[in-house]
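Q:
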Amino acid sequence: MATPGAGGNLQAKLVLLGDMGAGKSSLVLRFVKGQFFDYQESTIGAAFLTQTVAVNDVTVKFEIWDTAGQERYHSLAPMYYRGAAAAIVVYDITNTESFTRAKNWVRELQRQGNPNLVIALAGNKADLASKRKVETEEGQSYADENGLFFIETSAKSAQNVNEVFYEIARKLPKAAPAPQPQGLNLNAQGRTQPKRSCCSTS
Amino acid sequence: MEKRRSSPDTPDSSASLSAGMDEEYDVIVLGTGLKECIISGLLSVDGLKVLHMDRNDYYGGESASLTLKQFWKKFKGEDEPPASLGSARDYNIDLVPKFMMANGQLVRVLIHTDVTKYLQFKAVDGSYVLNKGKIYKVPATDVEALKSSLLGFFEKFRAKKFFVYVQDYEENDPKTHDGLDLRKLTAREFFEKYSLSDEVIQFVGHALALYRDESFYNAPALDLVLRMKLYAESLLRFGGGSPYIYPLYGLGELPQGFARLSAVYGGTYMLAKPDAKVVFDDSGKAIGVSSEGETAKCKKVVGDPSYFPGKIAKSGKVVRAICIMSHPVPNTNDSASVQIILPQKQLNRKSDMYIFCCSYSHNVAPKGKYIAFVTTTAETDRPEAELAPGLKLLGQVDEQIFDIYDTYEPLESGSHDNCYISKSYDPTTHFETTVEDVLSMYTRITGKILDLSEKDLNQASAADE
Ligand SMILES: Nc1nc2c(ncn2[C@@H]2O[C@H](COP(=O)(O)OP(=O)(O)OP(=O)(O)O)[C@@H](O)[C@H]2O)c(=O)[nH]1
Ligand SMILES: [Mg+2]
Numbered sequence: 008m009a010t011p012g013a014g015g016n017l018q019a020k021l022v023l024l025g026d027m028g029a030g031k032s033s034l035v036l037r038f039v040k041g042q043f044f045d046y047q048e049s050t051i052g053a054a055f056l057t058q059t060v061a062v063n064d065v066t067v068k069f070e071i072w073d074t075a076g077q078e079r080y081h082s083l084a085p086m087y088y089r090g091a092a093a094a095i096v097v098y099d100i101t102n103t104e105s106f107t108r109a110k111n112w113v114r115e116l117q118r119q120g121n122p123n124l125v126i127a128l129a130g131n132k133a134d135l136a137s138k139r140k141v142e143t144e145e146g147q148s149y150a151d152e153n154g155l156f157f158i159e160t161s162a163k164s165a166q167n168v169n170e171v172f173y174e175i176a177r178k179l180p181k182a183a184p185a186p187q188p189q190g191l192n193l194n195a196q197g198r199t200q201p202k203r204s205c206c207s208t209s
Numbered sequence: 022m023e024k025r026r027s028s029p030d031t032p033d034s035s036a037s038l039s040a041g042m043d044e045e046y047d048v049i050v051l052g053t054g055l056k057e058c059i060i061s062g063l064l065s066v067d068g069l070k071v072l073h074m075d076r077n078d079y080y081g082g083e084s085a086s087l088t089l090k091q092f093w094k095k096f097k098g099e100d101e102p103p104a105s106l107g108s109a110r111d112y113n114i115d116l117v118p119k120f121m122m123a124n125g126q127l128v129r130v131l132i133h134t135d136v137t138k139y140l141q142f143k144a145v146d147g148s149y150v151l152n153k154g155k156i157y158k159v160p161a162t163d164v165e166a167l168k169s170s171l172l173g174f175f176e177k178f179r180a181k182k183f184f185v186y187v188q189d190y191e192e193n194d195p196k197t198h199d200g201l202d203l204r205k206l207t208a209r210e211f212f213e214k215y216s217l218s219d220e221v222i223q224f225v226g227h228a229l230a231l232y233r234d235e236s237f238y239n240a241p242a243l244d245l246v247l248r249m250k251l252y253a254e255s256l257l258r259f260g261g262g263s264p265y266i267y268p269l270y271g272l273g274e275l276p277q278g279f280a281r282l283s284a285v286y287g288g289t290y291m292l293a294k295p296d297a298k299v300v301f302d303d304s305g306k307a308i309g310v311s312s313e314g315e316t317a318k319c320k321k322v323v324g325d326p327s328y329f330p331g332k333i334a335k336s337g338k339v340v341r342a343i344c345i346m347s348h349p350v351p352n353t354n355d356s357a358s359v360q361i362i363l364p365q366k367q368l369n370r371k372s373d374m375y376i377f378c379c380s381y382s383h384n385v386a387p388k389g390k391y392i393a394f395v396t397t398t399a400e401t402d403r404p405e406a407e408l409a410p411g412l413k414l415l416g417q418v419d420e421q422i423f424d425i426y427d428t429y430e431p432l433e434s435g436s437h438d439n440c441y442i443s444k445s446y447d448p449t450t451h452f453e454t455t456v457e458d459v460l461s462m463y464t465r466i467t468g469k470i471l472d473l474s475e476k477d478l479n480q481a482s483a484a485d486e
């Protein structure tokens, strides 16, 4: 859930979903670090990144959750969706199966996620136009029917990658999420902290 | 934040990862209860190859939190809970309710592993103790002891001196020992030095030091003092009304957080494996786990007792009432979350009774609803009736069910049969014993000791910036 911070700042949990190899981790890596690897190893140890974007007078700090492979055997924990403000459902435009899976993930999100969730559908690997199996119109019309934001991306060429995140950031404040209680910061050193019953996570 | 483990030999590992059951693992973990998930996370971080399975299609095993719908199905066998209880989705009812000591071992494990970033915590409002049929806020410092109506006039001054000694005591600084060797002195002798009354000793032993029986009297006083200090330091840590904290959305978040840690470090997860079974070789050593006609090989199997019939012994019986209420526990200053300890002697029992209450303030119930649990070790053939003194303190309840289950512990350490089995969750409403079991299992499995010292705490907070 997007939480208002001080001075027009929002903190928003964003989750990635999609078939294995669709390019979830690559999209995040491109967005956060500006990098791309042709042999991106399956997600290990890098399933939580943050990145801040500014739209108009608001900055949005994304807490980006990658799946860490738990979806592989249908074992994604409810915690993954909990409190998410936005989701990017990724498919590979060269793989029809991955588009079918993406639709399943959208249904799952509509069932599990919060009603104000901002969902983006990303047709990734747009650089591989010659191998295309899923037409742009197919993605667009599915997105229109389901109230999603649609865009074709390439983590490799960087095409539209920032755009996905900026568009989500733009839509977030409009989704007017309920303010969430901020938890204690367990990492803080206890006795050097001023007394308070609820401390914010910085 | 980012940690990346290089695996140069598998540039495109997606094919091999999907094979799942055909692989050979260092460790297969059975059951996704909190203990199993912590172990799984620690082992994956250590670089071991872990497969984690559960017979259920949800995380948490015996330590899951259920929605009202799941809860109703489990205990009433009915599909639809009454509408009067509010939105079923807003409930997260713990099967094994517990609070975390703010400075306790579990918090150290959370910080050590950085799982804190997946979870949100809030302080627990109150900590109370029963004395002569009434409940009192637990005094944890000399100042509170002087104010507390739990203590008589003269007792207050003796207790104050006692608390000051404990507060100032530093194990490594003999100047603070005042000539007492707490490694030799028993708790009984220590209490006698301060002429503490039996009532004071009871709340100190059971509500501050969290002992579950009377054996601490004859043990060295050092352990008692360290436990009291843990309570007092935890109380100071976040400045709440109790030393306890609790995760938003219930305890079920904890196993999920550690499972995610394990997955992030390469652990493979398979839920909904109802027939998962340990496979043994001729010499009786575990060599793998089978499910749906396939066998995954491994060097060691870890799990909760339910996966190891024949390798466990019954250790007791827990009885628990789970109540849904529309008001806080009476006489707790309207605490939205609270623990009350009912020391055994106050009830003429052999084991303590615990009341645990949490509510919408921790996102475990809809607005205005409270979930109260009364738990103890069953001592008779009519365990429900044993809970009466605790239930009496709750007042009117909307709904009430009883959960009675046997607890088990492993017969062996695991070194002979490669089976590393956790103990069932005990009736206490805190995690200190849970983490002890996890640390012991970790050492048995890896031969290493997990260092959760203060140094770690400091490093974790520095690294977080
Ligand atoms: N040509 C091309 N290749 C891409 C693109 N995005 C990702 N890839 C490649 O596709 C493969 C899979 O990408 P990942 O980012 O690991 O996919 P993932 O969805 O995170 O996969 P899992 O973590 O296994 O679920 C890698 O070899 C990437 O290099 C893209 O936009 N264009
Ligand atoms: Mg990935």
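Chains as they are written, first to last, in this note's numbering: chain D, 8 to 209; chain W, 22 to 486. Just so you know, even glycine gets a beta-carbon here, dropped at the ideal spot from N, CA and C.
Would you give the residue range spanned by the alpha helix (DSSP H) that Lys-498(W) belongs to?
A: No answer is possible for residue 498(W): the residues shown for chain W start at 22 and end at 486.
Q: Do Val-65(D) and Leu-17(D) have their CB atoms nearer than 8 angstroms?
A: Taking the first sequence and counting its residues from 1, one reaches residue 65(D) at position 58. Taking the first sequence and counting its residues from 1, one reaches residue 17(D) at position 10. Yes, the Cβ-Cβ distance between Val-65(D) and Leu-17(D) is below 8 angstroms.
Q: Express the C-alpha separation of Lys-182(W) and Leu-231(W) in angstroms, rounding to a whole number.
A: Counting from 1 along the second sequence, the entry for residue 231(W) is found at position 210. Counting from 1 along the second sequence, the entry for residue 182(W) is found at position 161. Each residue's Cα considered, the two are about 21 angstroms apart.
Q: Is the CB-CB distance between Ser-380(W) and Ser-358(W) below 8 angstroms?
A: Reading the second sequence from its first residue, position 359 is the one you call residue 380(W). Reading the second sequence from its first residue, position 337 is the one you call residue 358(W). In this structure, Ser-358(W) lies closer than 8 angstroms to Ser-380(W) by Cβ.
Q: If you follow the beta strand (DSSP E) that Lys-155(W) is in, where does it begin and where does it stop?
A: Here residue 155(W) refers to the residue found at position 134 of the second sequence. Taken as a continuous stretch (DSSP letters only), the beta strand (DSSP E) holding Lys-155(W) covers 155 to 158.
Q: State the beta-bridge partners of Ile-266(W) as determined by DSSP.
A: Residue mapping note: residue 266(W) aligns to position 245 of the second sequence, counting from 1. Bridge partners of Ile-266(W): Met-121(W) and Ala-144(W).
Q: Below 9 angstroms on C-beta distance, what does Asn-111(D) contact in chain W?
A: Locating residue 111(D) in the first sequence gives position 104, counting from the first residue. Here the premise fails: no neighbours, minimum Cβ distance about 16 angstroms.
Q: Which residues of chain B have a Cβ atom closer than 9 angstroms to the Cβ of Tyr-80(W), listed in chain order?
A: Here chain B cannot be found, since the structure's protein chains are D and W.
Q: Work out the CA separation of Tyr-286(W) and Tyr-149(W) for me, nearest whole Å.
A: Counting from one through the second sequence, the residue named residue 149(W) turns up at place 128. Counting from one through the second sequence, the residue named residue 286(W) turns up at place 265. Going from the Cα of Tyr-149(W) to the Cα of Tyr-286(W) covers about 41 angstroms.
Q: Between Asp-43(W), Asp-427(W) and Met-122(W), which has its C-alpha nearest Leu-193(D)'s C-alpha?
A: By one-based count along the first sequence, residue 193(D) stands at place 186. Nearest C-alpha to Leu-193(D): Met-122(W).
Q: Using C-beta distances below 8 angstroms, list every residue in its chain close to Thr-207(W), excluding the 5 sequence neighbours before and after it, in chain order.
A: The residue you call residue 207(W) lines up with position 186 of the second sequence. Result list for Thr-207(W): Tyr-238, Asn-239, Ala-240, Pro-241 and Ala-242, in chain order.
Q: Going along chain D, which residues have a C-beta under 7 angstroms from Glu-274(W)?
A: Taking the second sequence and counting its residues from 1, the one referred to as residue 274(W) is at position 253. Under the 7 angstroms cutoff, chain D gives Met-86.
Q: Going by other Cβ atoms of all chains shown within 10 Å of its Cβ, with 16 needed for buried, is Leu-116(W) buried or exposed?
A: Counting from 1 along the second sequence, the entry for residue 116(W) is found at position 95. Leu-116(W) should be labelled buried.
Q: Step through the CB atoms of chain D and report whether any lies within less than 8 angstroms of the CB of Tyr-190(W).
A: Taking the second sequence and counting its residues from 1, one reaches residue 190(W) at position 169. Chain D contact via Cβ: absent.
Q: What residue does the alpha helix (DSSP H) around Met-86(D) start on, and which one ends it?
A: Within the first sequence, numbered from 1, the residue matching residue 86(D) stands at position 79. Counting along the chain, the alpha helix (DSSP H) containing Met-86(D) begins and ends at 85 to 88.
Q: Counting only beta-carbon separations shorter than 8 angstroms, does Ile-466(W) have a partner in chain D?
A: Sequence index remark: in the second sequence, residue 466(W) carries index 445 (1-based). Ile-466(W) does not count as touching chain D.
Q: When every heavy atom of ligand 1 is checked, does at least one fall within less than 7 angstroms of the C-beta of Thr-143(D)?
A: For the purposes of this step, residue 143(D) is taken as residue 136 along the first sequence, with counting starting at 1. False, no ligand heavy atom lies under 7 angstroms from that Cβ.
Q: Using only alpha-carbon positions, find the residue among Leu-275(W), Tyr-328(W), Lys-371(W) and Ser-372(W) that is nearest to Lys-119(W).
A: Locating residue 119(W) in the second sequence gives position 98, where the first residue counts as 1. The candidate whose alpha carbon is nearest that of Lys-119(W) is Leu-275(W).
Q: Going by beta carbon distance, what residues of the same chain come within less than 8 angstroms of Asp-151(D), once the five residues before and after it are set aside?
A: As a first step, residue 151(D) is located in the first sequence; it is residue number 144 there, counting from the start. If we look at Asp-151(D) and ignore the five residues flanking it on each side, its Cβ neighbours are Phe-157.
Q: Alpha carbon to alpha carbon, what distance is there between Arg-129(W) and Phe-256(W)?
A: Indexing the second sequence from 1 puts residue 256(W) at position 235. Indexing the second sequence from 1 puts residue 129(W) at position 108. In the sequence as displayed, the identity of residue 256(W) is Leu instead of Phe. Distance between the alpha carbons of Leu-256(W) and Arg-129(W) is about 16 angstroms.
Q: Is Asn-131(D) near ligand 1, with its Cβ less than 7 angstroms from a heavy atom?
A: Position 124 of the first sequence, counted from the first residue, corresponds to residue 131(D). True, at least one ligand heavy atom lies under 7 angstroms from that Cβ.
Q: Sorry if obvious, but does the Cβ on Lys-163(D) come closer than 7 angstroms to a heavy atom of ligand 2?
A: Taking the first sequence and counting its residues from 1, the one referred to as residue 163(D) is at position 156. Not so, every heavy atom of ligand 2 lies at least 7 angstroms from the Cβ.
Q: Buried or exposed: which applies to Pro-268(W), given that a residue is buried once 16 or more other Cβ atoms fall within 10 Å of its Cβ?
A: Here residue 268(W) corresponds to residue number 247 of the second sequence, with the count starting at 1. Pro-268(W) should be labelled buried.
Q: Between the alpha carbons of Thr-107(D) and Met-27(D), how many angstroms are there, rounded?
A: For the purposes of this step, residue 107(D) is taken as residue 100 along the first sequence, with counting starting at 1. For the purposes of this step, residue 27(D) is taken as residue 20 along the first sequence, with counting starting at 1. When rounded, the distance between both Cα atoms is 13 angstroms.
Q: Do Gly-62(W) and Thr-134(W) count as a contact pair if the criterion is CB distance below 8 angstroms?
A: What you label residue 134(W) is simply residue 113 of the second sequence in a count that begins at 1. What you label residue 62(W) is simply residue 41 of the second sequence in a count that begins at 1. Taking 8 angstroms as the Cβ cut-off, Thr-134(W) and Gly-62(W) qualify as a contacting pair.
Q: Below 9 angstroms on C-beta distance, what does Gly-76(D) contact in chain W?
A: Counted from its first residue, the first sequence places residue 76(D) at position 69. Result: Leu-38, Ala-284, Val-285, Gly-287, Gly-288, Thr-289 and Tyr-290.
Q: Note down, in chain order, each residue of its chain lying with its Cβ closer than 6 angstroms to the Cβ of Gly-15(D), except the 5 sequence neighbours on either side.
A: The sequence position of residue 15(D) within the first sequence is 8, counting from 1. Within the same chain, Gly-15(D) has close Cβ partners Asp-64 and Val-65.
Q: What number of angstroms, rounded off, separates the C-alpha of Ile-466(W) from the C-alpha of Val-145(W)?
A: By one-based count along the second sequence, residue 466(W) stands at place 445. By one-based count along the second sequence, residue 145(W) stands at place 124. Their backbone Cα atoms lie some 34 angstroms apart in a straight line.
Q: Counting only runs that start and end within the stretch 76 to 130 of chain W, where is the alpha helix (DSSP H) found for 4 or more residues in a row?
A: List check, alpha helix (DSSP H) in window: 89 to 97.
Q: Could you tell me the alpha carbon to alpha carbon distance between Ala-307(W) and Lys-196(W), rounded to whole angstroms?
A: Residue 307(W) sits at position 286 when you count from the first residue of the second sequence. Residue 196(W) sits at position 175 when you count from the first residue of the second sequence. Computed Cα separation, rounded: 53 angstroms.
Q: Just reading off the alpha helix (DSSP H) that Val-136(W) is part of, what are its end residues?
A: Within the second sequence, the letter at position 115 stands for residue 136(W). No alpha helix (DSSP H) holds Val-136(W); DSSP gives it neither H nor E.
Q: Across the stretch 310 to 326 of chain W and the stretch 385 to 398 of chain W, are there enough close Cβ pairs to call them in contact, namely three or more that are closer than 8 angstroms?
A: Counting Cβ pairs under 8 angstroms, fewer than three are found: no touch.
Q: Output yes if chain W places a C-beta closer than 8 angstroms to the C-beta of Cys-205(D); else output no.
A: What you label residue 205(D) is simply residue 198 of the first sequence in a count that begins at 1. Unreliable placement is indicated for Cys-205(D), whose pLDDT of 38 sits below 50; no coordinate value is reported for it.
Q: In this structure, does DSSP put Ile-100(D) in helix, strand or coil?
A: For the purposes of this step, residue 100(D) is identified with residue 93 of the first sequence, where counting begins at 1. Three-state DSSP puts Ile-100(D) in coil, outside helix and strand.
Q: Answer with buried or exposed for Asn-102(D), where buried requires no fewer than 16 other C-beta atoms within 10 angstroms of its C-beta.
A: Your numbering for residue 102(D) matches position 95 in the first sequence. That one is buried.
Q: So what does His-451(W) bridge to, in DSSP terms?
A: As a first step, residue 451(W) is located in the second sequence; it is residue number 430 there, counting from the start. Phe-120(W).
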